[in-house]
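*Asks:*
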Amino acid sequence: MATQRRIPGIPGNAHTPEAQRHRAKVGASTEEHVDALNAACARAGLAWVHRVSSHVRITRNLGGARVEGVLVRKSVVDLMGHTADGRAIAADVKHVSTGHLADGREAAWRLPLDRIEEHQRAMLECCHRAGGVAFVLVVHGGHAYPVPWPVVADAIAKGAASLGQDVIEPHRADPRRAYLATLLTPRPGSAG
């Protein structure tokens, strides 16, 4: 019987209450971090970006601001909005954890590309082809890495299983600026 590889930072059995609590805690922390990043973009006058809710039908009120529900459709990407100059924005957020080596150093980390579902890929591609700003926002170690969709799409087209730290790291957002500044500022030699 083959065993599934353990993801660093996640308890061994992904279905235990401990693992579910860990994912919820990481998810909430990542959402708060992304909300702050998006608020900084709005304050800088670069873009208005907001989280997109999943398509859920509430089936039961559990009281105390808690509900039970079921997904009724696949969700779309995690973030949508528009730039100050009117271009659409579509982004999917992926938190990446890592483990540590025996000597205490951080192990190399990567984003498995199968975490970007087909319908999300299609939406990012559609936004990009229509002239919008499409990207995968990788969150790791308190840093934001807005990786442009063409970089991700190229890796997928070449059959890569993941984006390594070496591919993601050059897209690290400068924490002193709004994280979308590098994506929205024309690079030397580019049109626009």
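Residue numbers (this note's numbering): 93 to 284.
In this text, a Cβ means the ideal position worked out from N, Cα and C, and glycines have one as well.
By a C-beta neighbour count over all protein chains shown, 10 Å radius and 16 as the cutoff for buried, is G224 buried or exposed?
*Replies:* With 16 or more Cβ atoms within 10 Å of its Cβ, G224 is classed as buried.
*Asks:* Is the distance from the Cβ of V144 to the Cβ of N130 below 8 angstroms?
*Replies:* Result no, Cβ atoms of V144 and N130 do not sit closer than 8 angstroms.
*Asks:* Looking at C-beta atoms only, is the number of pairs between the region 176-190 and the region 119-128 that lie closer than 8 angstroms three or more?
*Replies:* The region 176-190 vs the region 119-128: in contact.
*Asks:* To which residues of the same chain is L171 closer than 8 angstroms at the C-beta, ignoring the five residues directly before and after it?
*Replies:* Within the same chain, L171 has close Cβ partners V126, N130, V141, H142, R143, V144, I181, A182, A183, D184, V185 and L229.
*Asks:* By DSSP, does A249 sit in helix, in strand, or in coil?
*Replies:* Three-state DSSP puts A249 in a helix.
*Asks:* Identify every run of the alpha helix (DSSP H) within the region 210-260, keeping only runs that are complete inside it and at least 4 residues long; order them along the chain.
*Replies:* Segments of the alpha helix (DSSP H) lying fully in the region 210-260: 210-221, 241-249 and 257-260.
*Asks:* Could you round the C-beta distance between P238 and A265 to whole angstroms and report it? I think they count as a contact, below 8 angstroms.
*Replies:* Confirmed, Cβ separation roughly 6 angstroms.
*Asks:* Classify V159: buried if its beta carbon has 16 or more other beta carbons within 10 angstroms, exposed otherwise.
*Replies:* Exposed.
*Asks:* Along the alpha helix (DSSP H) that carries T274, what are the first and last residues, could you check?
*Replies:* Looking at the DSSP string, the run of the alpha helix (DSSP H) that includes T274 is A273 to L276.
*Asks:* With 16 as the cutoff for other CB atoms within 10 Å, does H220 come out buried or exposed?
*Replies:* So H220 counts as buried.
*Asks:* With a Cβ-Cβ cutoff of 8 angstroms, do V169 and M215 count as a contact?
*Replies:* Yes, the Cβ-Cβ distance between V169 and M215 is below 8 angstroms.
*Asks:* Using CA coordinates, which residue listed in A236, G196, G178 and V259 is at the minimum distance from A222?
*Replies:* Of A236, G196, G178 and V259, the residue nearest in Cα terms is G178.
*Asks:* Once you ignore the five residues that flank A236 on each side, which residues in its own chain have a CB closer than 7 angstroms to its CB?
*Replies:* Contacts found: L129, L229, A265 and Y271.
*Asks:* Going along the chain, which residues of its own chain have a beta-carbon closer than 7 angstroms to the beta-carbon of H211, five neighbours each way excluded?
*Replies:* Hits under 7 angstroms: K166.
*Asks:* How big is the Cα-Cα spacing for D206 and A245?
*Replies:* Taking the straight line joining both Cα atoms gives about 12 angstroms.
*Asks:* Let me check understanding here. Comparing Cα to Cα, which of E198, G155, G137 and L154 lies closest to A176?
*Replies:* Here the closest residue by C-alpha is G137.
*Asks:* Considering just the uninterrupted stretch of the beta strand (DSSP E) at H174, what are its terminal residues?
*Replies:* Segment L171 to T175, the beta strand (DSSP E) holding H174.
*Asks:* For F227, which residues in the same chain have their Cβ closer than 7 angstroms to its Cβ, ignoring the five residues on either side in sequence?
*Replies:* Once the five neighbours on either side are set aside, the close Cβ partners of F227 are A183, P238, V239, P240, W241 and L275.
*Asks:* Please report the residue range of the beta strand (DSSP E) in which R197 lies.
*Replies:* Careful: R197 lies outside any beta strand (DSSP E) and carries neither H nor E.
*Asks:* Given this structure, state the Cα-to-Cα distance separating A249 from R269, to the nearest angstrom.
*Replies:* Taking the straight line joining both Cα atoms gives about 32 angstroms.
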